[in-house]
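So the structure is just underneath, and the comments pick up after that.
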Ligand SMILES: Cc1cc2nc3c(=O)[nH]c(=O)nc-3n(C[C@H](O)[C@H](O)[C@H](O)COP(=O)(O)OP(=O)(O)OC[C@H]3O[C@@H](n4cnc5c(N)ncnc54)[C@H](O)[C@@H]3O)c2cc1C
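In the UniProt record's numbering, the protein residues as written are 1 to 471.
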């Protein structure tokens, strides 16, 4: 039997259900990756993530080669061309079965349906769950619906873990002699991602170092951007270089058991992995989330501002709010941003500048090395008050007090805003008076909005929705 594994957002050989199953009972296994540069662009994904994709594909090809599995890179500019490209290739390389792990986005699902229609007469097509601990759609309320808020979802997720644990697949054994690998070069703009080591071994090393050094203190350290307290594993999870099961195994290994309730060491990190799953399950259940639509339909009527200058200032880190500006300049430079800062800048864009969350979502996607539809959309809609969130819409982050709380000495701010390098800690979050006195001509912008007034306006925007409902 000839089995073909189609790699997509699962660029690993360990704990990969499609690869694992394909290698069971097969005489020969080969692999493909179908690159879609046009689709990448249409989805607004970043040039840095594209470079990281290319480097991880290279690492995957080398890993597969050690098992005697060749990886062929095909190109279909957009997803609509995938069935034709794949069928043409299969004419020259006939196969008995195609194996793949499921993807979530609506375009990916439509692509897969088209492939199914084109090929199901010729070969068996087998699809697996490789991106979540529990398969999308498997965790539901008693009436069979997907949860719309996080806490009950997490409760059921934990109950499932308690009852069934998780399944970590063994790494596959070699099917033949090692192969030679050629250099993989993808088309399209790429920005160096060299400061993120590529490949499964690098991800596994980072995971084990994080668990050894930070897991136990994650709950106390995770909110401080100047502290190296979170795992920085998101770029690997986003491309599937690492699986969530591997994260659970590493927690279990470090703590000699899995934390099952709040207060236990390691639980707060586990909880973040559950957030990741929550957003992924939501994306499958509510395809409108992949189509730039609000989770709460009534919030489609919000009257967002069209102020393009304010948007440009936010993108460039020139809002006059130091924590927001430092975060945005860090994103622009490195392609990554700390979670606390993502919440602060997203709240600022939507609740202080009253700009549409979709603008922020797209900008993040265009810059992030870990850009990932479900988490990005979930995070933006959570911050904007349009998403799956139990908190009331009048939660508005105050960028100054957030800075005071989570970067109290201004260490993170000074790292990214050289013009504030000399500002003492007690002035760093509202530096303008000090700068005007001590460094006239400093060039740091005045705040582009008054937070108190902006907050009231944001609340009024949401109140107007309720008034519309009442009419
Ligand atoms: C506005 C906004 C946009 C975001 N966009 C993305 C995105 O495009 N890609 C992305 O992977 N994450 C996104 N997140 C979630 C979160 O900020 C990042 O996953 C996290 O900062 C990555 O750092 P880490 O790997 O050190 O995370 P850790 O704190 O070590 O957490 C471990 C893993 O859990 C997952 N995770 C953690 N927090 C969340 C969360 N709130 N939602 C979903 N998954 C989570 C990630 O896979 C992460 O790598 C976004 C959050 C917000 C508020």
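Just so you know, even glycine gets a beta-carbon here, dropped at the ideal spot from N, CA and C.
So the alpha helix (DSSP H) residue i belongs to, where does it begin and stop?
i           : result
residue 268 : 267-285
residue 88  : 82-92
residue 72  : Note, residue 72: premise wrong, no alpha helix (DSSP H); beta strand (DSSP E) at 71-75.
residue 20  : 17-23
residue 400 : 399-406
residue 244 : 244-255
residue 366 : 357-367
residue 326 : 322-334
residue 473 : Because the chain in this structure spans residues 1 to 471, residue 473 falls outside the shown range and cannot be described.
residue 52  : 47-66
residue 41  : 37-42
residue 429 : Careful: residue 429 lies outside any alpha helix (DSSP H) and carries neither H nor E.
Below 8 angstroms on the Cβ atoms is my contact criterion, and I expect residue i with residue j to pass it. Report the Cβ-Cβ distance as a whole number of Å.
i           : j           : result
residue 331 : residue 358 : The Cβ separation is near 17 angstroms, so there is no contact.
residue 365 : residue 45  : 6 angstroms
residue 30  : residue 130 : Contact flag wrong, Cβ pair sits at about 18 angstroms.
residue 128 : residue 17  : 4 angstroms
residue 408 : residue 383 : About 22 angstroms; that fails the 8 angstroms criterion.
residue 277 : residue 132 : 5 angstroms
residue 474 : residue 49  : Residue numbering for the chain in the displayed model covers 1 to 471; residue 474 lies beyond these limits and cannot be assessed.
residue 362 : residue 151 : The pair is not a contact, with the Cβ atoms about 29 angstroms apart (cut-off 8 angstroms).
residue 345 : residue 137 : Actually they are not in contact, since the Cβ atoms of residue 345 and residue 137 sit about 33 angstroms apart, beyond 8 angstroms.
residue 435 : residue 449 : That pair is no contact at about 19 angstroms.
So, with DSSP's three-state summary, where would you put residue i?
i           : result
residue 380 : helix
residue 167 : coil
residue 30  : strand
residue 101 : strand
residue 124 : strand
residue 347 : helix
residue 305 : strand
residue 96  : coil
residue 239 : helix
residue 131 : coil
residue 10  : coil
residue 107 : helix
residue 318 : coil
residue 295 : coil
residue 450 : coil
residue 394 : coil
residue 300 : helix
residue 419 : helix
residue 162 : helix
residue 290 : helix
residue 262 : coil
Within the 8 angstroms Cβ cut-off, does residue i reach chain D?
i           : result
residue 280 : Of the chains in the structure shown, none is chain D; there is only one protein chain.
Do you know offhand how far residue i's Cα is from residue j's?
i           : j           : result
residue 429 : residue 454 : 18 angstroms
residue 329 : residue 420 : 13 angstroms
residue 197 : residue 465 : 47 angstroms
residue 287 : residue 442 : 48 angstroms
residue 4   : residue 96  : 8 angstroms
residue 8   : residue 33  : 6 angstroms
residue 217 : residue 378 : 26 angstroms
residue 472 : residue 22  : With the chain covering only 1 through 471, there is no way to say anything about residue 472.
residue 214 : residue 208 : 10 angstroms
residue 118 : residue 259 : 46 angstroms
residue 396 : residue 385 : 9 angstroms
residue 41  : residue 306 : 24 angstroms
residue 406 : residue 432 : 20 angstroms
residue 10  : residue 101 : 7 angstroms
residue 220 : residue 271 : 14 angstroms
residue 14  : residue 398 : 43 angstroms
residue 316 : residue 322 : 12 angstroms
residue 172 : residue 236 : 20 angstroms
residue 186 : residue 158 : 40 angstroms
Where do the ends of the beta strand (DSSP E) carrying residue i lie?
i           : result
residue 6   : 2-7
residue 140 : Where residue 140 is concerned, there is no enclosing beta strand (DSSP E), given that its DSSP letter is neither H nor E.
Measuring only from the beta carbon, is residue i closer than 7 angstroms to any heavy atom that is part of ligand 3?
i           : result
residue 237 : Within the structure as shown, ligand 3 is missing, the only ligands being ligand 1.
message: Suppose only complete runs of 4+ residues qualify. What are the alpha helix (DSSP H) ranges in the segment 171-248, listed by chain order?
response: Those alpha helix (DSSP H) runs which fall completely within the segment 171-248 and span 4+ residues are 200-213, 218-221, 234-239.
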